[in-house]
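Student: Anchor point for the sequence shown: position 2 equals 21 in this note's numbering, and the numbering is continuous, going up by one each time.
For glycine and all other residues, C-beta sits at the position ideal for the given N, C-alpha and C.
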Amino acid sequence: MKKEMIRYSCVTFGAIIQGASMALFLFPHGIPSGGAAGIAILLNHWLPLSLAVSLWLANFSLLTMAIYWFGFKWTIRTMFSVTVTSYTVSFFDLNVYMPHIHILVDLLLGGLFFGIGVGILIRSGASSGGMVIPALIIASIRKTRPGKVMFWLNMSIFVITASVIEWKIAFYAIFCQWLSTLFIDYVYRFDIRSIINLLRSN
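#1: Quick check on the DSSP output: the alpha helix (DSSP H) that includes G57 runs from which residue to which?
#2: Rounded to whole angstroms, what is the Cα-Cα separation between V206 and G138?
#3: For a quick check, are the C-beta atoms of I188 and G134 less than 8 Å apart?
#4: Compare the Cα-Cα distances from I157 to each of V124, G90, S146, A85 and report the closest residue.
#5: Using only alpha-carbon positions, find the residue among G49, V72, R26 that is nearest to I122.
#6: Leaving out five residues before and five after V183 in sequence, what residues of the same chain have Cβ atoms less than 7 Å from its Cβ?
#7: Can you tell which of F132, S52, I152, I120 has the C-alpha that lies nearest to the C-alpha of F79?
#8: With a threshold of 16 other CB atoms inside 10 Å of the CB of L126, please say whether the residue is buried or exposed.
#9: Check for me: the alpha helix (DSSP H) holding A189 runs from which residue to which?
#10: So which of F209, I36, L76, V30 has the shortest CA-CA distance to I95?
#11: Between E185, R208, F209, F177, which lies nearest to C195 when the distance is taken from Cα to Cα?
#12: Would you tell me roughly how many angstroms separate the C-alpha atoms of M98 and H119, rounded to the nearest one?
#13: Jot down the residue ranges of each uninterrupted alpha helix (DSSP H) in the segment 104-185, minimum 4 residues, whole runs only, in chain order.
#14: Measure the Cβ-Cβ separation of L131 and L81 and say whether it is below 8 Å.
#15: Please report the Cβ distance between A71 and D112, rounded to the nearest whole angstrom; I am assuming they are in contact, meaning their Cβ atoms lie under 8 Å.
#16: Is L43 helix, strand or coil when you go by DSSP?
#17: Report the three-state DSSP secondary structure of S69 (helix, strand or coil).
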């Protein structure tokens with residue numbers, strides 16, 4: 020029980036960081052952090068829905084496929100992280116004003132914090148939802164690399180988003196994907212136990 024509480028605390032922390040990065044740095048410029056965020060921006064553009072509700076709908080429609088493929092516990096944790104992320108986006112969107120220095124500064128900060136948040140989620144046995152779910156399903160059926168599938172799924176959504184909003188968005192989104200992936204890998208591979216042991220030895 021204690022272990023599960025710690026796990027959900029980490030999921031909550033990671034989801035808040037992810038949601039804040041989207042609301043404060045990426046969404047104000049219409050930059051999707053991933054395929055699901057791209058769908059959310061399109062829904063927000065076409066329908067009278069807030070970004071938080073659009074993000075929730077985009078993710079939960081994909082998560083309905085996850086129970087069969089990835090199990091109940093993984094899906095519940097991911098649903099929880101998506102809900103926390105959506106509430107965080109809504110809170111920051113309505114209550115926090117962030118002065119924007121330059122789109123490239125926001126892009127760097129957004130990619131950094133988004134990667135850290137998603138890295139924490141993955142380490143905690145959850146995910147950020149989104150296109151990782153159909154990518155993993157397609158990859159398992161076609162016996163191919165999920166990263167390759169996810170790249171093309173995200174790119175197709177980025178192109179659609181860019182054609183509706185602005186073409187520069189696609190280039191910003193690709194850069195954000197690349198940058199956030201670096202930090203996702205760093206957080207996922209970070210060996211905190213060795214740091215603790217080093218501090219204890221001193």
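Tutor: This is what the structure gives:
#1: Looking up residue 57 in the sequence shown gives position 38. From DSSP, the alpha helix (DSSP H) with G57 extends over 54-65.
#2: Working through the sequence shown from its first residue, we reach residue 206 at position 187. Working through the sequence shown from its first residue, we reach residue 138 at position 119. Spanning the two alpha carbons is a distance of roughly 5 Å.
#3: As a working mapping, residue 188 is identified with position 169 in the sequence shown. As a working mapping, residue 134 is identified with position 115 in the sequence shown. Cβ atoms of I188 and G134: not closer than 8 Å.
#4: The count along the sequence shown starts at 1 and reaches residue 157 at position 138. If we check each option's Cα against that of I157, A85 comes out closest.
#5: Here residue 122 refers to the residue found at position 103 when the sequence shown is read from its first residue. Closest option to I122, Cα to Cα, is G49.
#6: Here residue 183 refers to the residue found at position 164 when the sequence shown is read from its first residue. These residues qualify, in order along the chain: L61, H64.
#7: Looking up residue 79 in the sequence shown gives position 60. Looking at the Cα atoms, I152 is the closest of the given residues.
#8: Taking the first residue of the sequence shown as position 1, residue 126 is located at position 107. Label assigned to L126: buried.
#9: Counted from its first residue, the sequence shown places residue 189 at position 170. From DSSP, the alpha helix (DSSP H) with A189 extends over 187-208.
#10: In the sequence shown, residue 95 corresponds to position 76, counting from 1. Looking at the Cα atoms, V30 is the closest of the given residues.
#11: Looking up residue 195 in the sequence shown gives position 176. The residue with the shortest Cα to Cα distance from C195 is F177.
#12: The residue you call residue 98 lines up with position 79 of the sequence shown. The residue you call residue 119 lines up with position 100 of the sequence shown. C-alpha separation (whole angstroms): 31 Å.
#13: 122-142, 151-161, 165-183
#14: In the sequence shown, residue 131 corresponds to position 112, counting from 1. In the sequence shown, residue 81 corresponds to position 62, counting from 1. Not in contact: L131 and L81 (Cβ atoms no closer than 8 Å).
#15: For the purposes of this step, residue 71 is taken as residue 52 along the sequence shown, with counting starting at 1. For the purposes of this step, residue 112 is taken as residue 93 along the sequence shown, with counting starting at 1. Going by Cβ atoms, the distance from A71 to D112 rounds to 7 Å, so yes, they are a contact pair.
#16: The sequence position of residue 43 within the sequence shown is 24, counting from 1. Helix at L43.
#17: Mapped onto the sequence shown, residue 69 falls at position 50. Looking at S69 - three-state DSSP - the assignment turns out to be coil, as it is neither helix nor strand.
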